[in-house]
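Residue numbers (the working numbering), protein chains in the order written: chain A, 15 to 262; chain B, 2 to 221.
Presented below is the structure to which this report refers.
Right under this line is the structure:
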């Protein structure tokens, strides 16, 4: 589904990623962990070209999504982002109604069929485990929702345009334990339909939700393995020191 | 040392203390059995409660450690191993008590020394004591290189156990009045054989903790 080959990435003169290669299988959850500044978010943002928005950056290597090099000149970034959705650390609903937040992606993609939009909004909200909580107040402002509900709304918004990959950059770090638990349950249930890549600082969250885990440090991918191996018997001492809190 | 490491260190220390206690129970059981020392046997029986208390305390402290610190990797393996090791030490403590009760039971505590020698009971005790003390050193030093040697000693214990069946059968056939004490002696030897199995289990737990390898049940 996703293949990274010999990725090097630079912010100006600073090399943020060093020779990273990784394969991510379809319908799996992959977690990236590592200390702040290790490059995990930078690596995540490569998959839908979010780093393009930052000036003075440079990439070498290949990044393939569904077999296609997404950094080829012929690639339409808008089309890529339909395929690769993203959820950010802080919920960022638009100043619109709950319904319009989810419908937004469909409308900007030129879809006008009201019945289709209504059905897609409902299905996305159901997939994001939010429908039962909002079905009677779809016209209310998204800002009236709690933080956890807003984050699930953002996930519904990302799902509405039917992506195959969902990138999540610390999606639960600003949420309370109950909302975090709902997001984790959601990640688990979405796995059957989507490929999910999540960046998290919460080690236990990585252990709970992911099938595979990649540990990054100083721009390098130190270890990438089945999550249960990483958390029970990591191969590398650096990984062990980090996950057991002996790092630094 | 970080406070999480201090917690683990404290857990390990508790298990070390229990280990020393159980080792001393086993050494005293040997002494009491071979010397027919009923006073010493009574001391073993009364100290068994301390072994049980150690197990309960370690269980509780390991549960708290896992709940509060969410350990992973080598720390999780250590906590899991310590829980199992303490349960195993408690079983060994029970067997030591069982041997002591055999000594206290005056019906069969005066077996002819020649039979004891022929059954190699002293050698069995010595093998078990060395298995238990060597595995203690393996945990303290986090060195599993000696695990093979310790496990080989269990094979030697098993050989003595199987040979004892034939030896005791001959004695019991020759003298039916020895039947009851012969059977009791067989049960005692069975206890020693089980201690060997438990020592092997402890070694397997240490290998799991240090090397992240599963040895038990022939898993590779």
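Positions of the beta carbon are idealized from the N, C-alpha and C atoms, including for glycine.
| request: Return the bridge partner residues of residue 19 of chain A from the DSSP annotation. | output: For this step, residue 19 of chain A is matched to residue 5 along the first chain. Looking at the DSSP assignment, residue 19 of chain A forms a beta bridge with A:76.
| message | Helix, strand or coil for residue 163 of chain A? Go by DSSP, reduced to three states. | response | Here residue 163 of chain A refers to the residue found at position 149 of the first chain. If DSSP states are grouped into helix, strand and coil, residue 163 of chain A belongs with the helices.
| field | Secondary structure of residue 231 of chain A, DSSP reduced to three states | value | Position 217 of the first chain, counted from the first residue, corresponds to residue 231 of chain A. Three-state DSSP puts residue 231 of chain A in a strand.
| said: Classify residue 215 of chain B: buried if its beta carbon has 16 or more other beta carbons within 10 angstroms, exposed otherwise. | reply: Mapped onto the second chain, residue 215 of chain B falls at position 214. Answer is exposed; the Cβ neighbour count stays below 16.
| task | Answer yes or no: do residue 105 of chain B and residue 59 of chain B have a C-beta to C-beta separation smaller than 8 Å? | result | Here the question's residue 105 of chain B lines up with position 104 in the second chain. Here the question's residue 59 of chain B lines up with position 58 in the second chain. The answer is no: Cβ separation not under 8 Å.
| When the Cα atoms are used, what is the spatial distance from residue 141 of chain B to residue 120 of chain B? | As a first step, residue 141 of chain B must be located in the second chain, where it is residue number 140. As a first step, residue 120 of chain B must be located in the second chain, where it is residue number 119. Going from the Cα of residue 141 of chain B to the Cα of residue 120 of chain B covers about 33 Å.
| task | State the DSSP-derived secondary structure class of residue 46 of chain A, mapped to helix, strand or coil. | result | Taking the first chain and counting its residues from 1, the one referred to as residue 46 of chain A is at position 32. DSSP places residue 46 of chain A in strand when its eight states are reduced to three.
| said: For a cutoff of 8 Å on Cβ pairs, would you count residue 260 of chain A as touching chain B? | reply: As a first step, residue 260 of chain A must be located in the first chain, where it is residue number 246. Output row for residue 260 of chain A: interface = yes.
| task | Using 10 angstroms around the beta-carbon of residue 105 of chain A, count the other beta-carbons present and answer buried if the total reaches 16, otherwise exposed. | result | By one-based count along the first chain, residue 105 of chain A stands at place 91. By the 10 Å Cβ count, residue 105 of chain A comes out buried.
| field | Cα-Cα separation between residue 138 of chain A and residue 186 of chain A, rounded to whole angstroms | value | Within the first chain, residue 138 of chain A is the residue found at index 124, counting from 1. Within the first chain, residue 186 of chain A is the residue found at index 172, counting from 1. Residue 138 of chain A and residue 186 of chain A: Cα-Cα distance of roughly 19 Å.
| task | Rounded to whole angstroms, what's the CA-CA distance from residue 73 of chain B to residue 5 of chain B? Just pull it up for me. | result | Locating residue 73 of chain B in the second chain gives position 72, where the first residue counts as 1. Locating residue 5 of chain B in the second chain gives position 4, where the first residue counts as 1. Looking at the two C-alpha atoms, the distance is approximately 12 Å.
| Under 8 Å from the C-beta of residue 1 of chain B: neighbouring residues of chain A | In the structure displayed, chain B extends from 2 to 221; residue 1 of chain B sits before or after that span and is not available.
| said: I want to verify the contact list: residues of chain B whose CB lies under 7 Å from the CB of residue 252 of chain A, in sequence order. | reply: For the purposes of this step, residue 252 of chain A is taken as residue 238 along the first chain, with counting starting at 1. Those do not exist, as residue 252 of chain A stays about 12 Å from chain B at its closest Cβ, beyond 7 Å.
| task | Starting from the C-beta of residue 30 of chain B, find all residues in its chain whose C-beta is less than 7 Å away, skip the five residues before and the five after it, and write them out in chain order. | result | Sequence index remark: in the second chain, residue 30 of chain B carries index 29 (1-based). If we look at residue 30 of chain B and ignore the five residues flanking it on each side, its Cβ neighbours are 45, 97, 100, 101.
| Terminal residues of the continuous alpha helix (DSSP H) containing residue 59 of chain A? | Here residue 59 of chain A refers to the residue found at position 45 when the first chain is read from its first residue. Segment 54-60, the alpha helix (DSSP H) holding residue 59 of chain A.
| request: Leaving out five residues on either side along the sequence, give the residues of the same chain with a beta carbon under 7 Å from the beta carbon of residue 119 of chain A. | output: Here residue 119 of chain A corresponds to residue number 105 of the first chain, with the count starting at 1. Only 171, 174, 175 meet the Cβ criterion.
| task | Return the Cβ separation of residue 181 of chain A and residue 100 of chain A in integer angstroms, given the expectation that the two are a contact with Cβ distance under 8 Å. | result | In the first chain, the residue the question calls residue 181 of chain A occupies position 167. In the first chain, the residue the question calls residue 100 of chain A occupies position 86. Going by Cβ atoms, the distance from residue 181 of chain A to residue 100 of chain A rounds to 5 Å, so yes, they are a contact pair.
| task | Pick out whichever of A:255, A:201, A:235 has its Cα sitting closest to the Cα of residue 55 of chain A. | result | Your numbering for residue 55 of chain A matches position 41 in the first chain. Checked all of A:255, A:201, A:235; the closest Cα to residue 55 of chain A is A:235.
| query | Is it true that the region 239-258 of chain A meets the region 57-70 of chain A, where meeting means three or more beta-carbon pairs spaced less than 8 Å apart? | reply | no
| request: Report buried or exposed for residue 183 of chain A, applying the criterion of at least 16 other Cβ atoms within 10 angstroms of its Cβ. | output: Within the first chain, numbered from 1, the residue matching residue 183 of chain A stands at position 169. By the 10 Å Cβ count, residue 183 of chain A comes out buried.
| Excluding five sequence neighbours on each side, which residues of the same chain lie with their C-beta closer than 6 Å to the C-beta of residue 7 of chain A? | Absent from the model: residue 7 of chain A. The displayed extent of chain A is 15 to 262, so no value can be given.
| field | Under the three-state DSSP convention, the category residue 106 of chain B falls into | value | In the second chain, the residue the question calls residue 106 of chain B occupies position 105. Looking at residue 106 of chain B - three-state DSSP - the assignment turns out to be coil, as it is neither helix nor strand.
| query | From residue 261 of chain A to residue 254 of chain A, what distance separates their C-alpha atoms? | reply | Position 247 of the first chain holds residue 261 of chain A. Position 240 of the first chain holds residue 254 of chain A. Roughly 8 Å between the two C-alpha positions.
| task | Determine the contact status of residue 124 of chain B and residue 171 of chain B, defining contact as a CB-CB distance below 8 Å. | result | Translated into the one-based positions of the second chain, residue 124 of chain B becomes position 123. Translated into the one-based positions of the second chain, residue 171 of chain B becomes position 170. Their beta carbons are not under 8 Å apart, which means residue 124 of chain B does not touch residue 171 of chain B by this criterion.
| Does DSSP classify residue 33 of chain A as helix, strand or coil? | Taking the first residue of the first chain as 1, we reach residue 33 of chain A at position 19. Here residue 33 of chain A sits in strand by DSSP.
| query | Among all the DSSP beta bridges, which residues are the ones paired with residue 100 of chain A? | reply | Looking up residue 100 of chain A in the first chain gives position 86. DSSP output for residue 100 of chain A lists A:181 as bridge partner(s).
| query | Are the beta-carbon atoms of residue 151 of chain B and residue 132 of chain B separated by less than 8 Å? | reply | Counted from its first residue, the second chain places residue 151 of chain B at position 150. Counted from its first residue, the second chain places residue 132 of chain B at position 131. Going by C-beta atoms, residue 151 of chain B is nearer than 8 Å to residue 132 of chain B.
| Of all the CB atoms in chain A, is at least one closer than 8 Å to the CB of residue 80 of chain B? | Here the question's residue 80 of chain B lines up with position 79 in the second chain. Not closer than 8 Å to any Cβ of chain A, the Cβ of residue 80 of chain B fails to qualify, so no.
| message | For residue 154 of chain A and residue 111 of chain A, which I take to be in contact (beta-carbon distance under 8 Å), what is that distance rounded to the nearest angstrom? | response | As a first step, residue 154 of chain A must be located in the first chain, where it is residue number 140. As a first step, residue 111 of chain A must be located in the first chain, where it is residue number 97. With 8 Å as the limit, residue 154 of chain A and residue 111 of chain A qualify as a contact, their Cβ atoms being about 6 Å apart.
| query | What residues in the region 204-219 of chain B bring their beta carbon closer than 7 Å to a beta carbon of chain A? | reply | 213
| When B:176, B:145, B:163 are compared against residue 205 of chain B, the one with the closest alpha-carbon | What you label residue 205 of chain B is simply residue 204 of the second chain in a count that begins at 1. Per the Cα distances, B:145.
| field | Cβ contact (3+ pairs, closer than 8 Å) linking the region 196-204 of chain B and the region 87-96 of chain B | value | yes
| message | Under 8 Å: do the region 156-166 of chain A and the region 118-136 of chain A share three or more Cβ pairs, one atom per stretch? | response | no
| query | For residue 123 of chain A, does the count of other Cβ atoms within 10 angstroms reach 16, so buried, or fall short, so exposed? | reply | The sequence position of residue 123 of chain A within the first chain is 109, counting from 1. Exposed is the call here.
| message | Taking the alpha carbon of residue 83 of chain B as the reference point, which residue from B:61, B:69, B:115 has its own alpha carbon closest? | response | If you number the second chain from 1, residue 83 of chain B lands on position 82. Closest by alpha carbon: B:61.
| field | Three or more C-beta pairs below 8 Å linking the region 10-30 of chain B and the region 41-57 of chain B | value | yes
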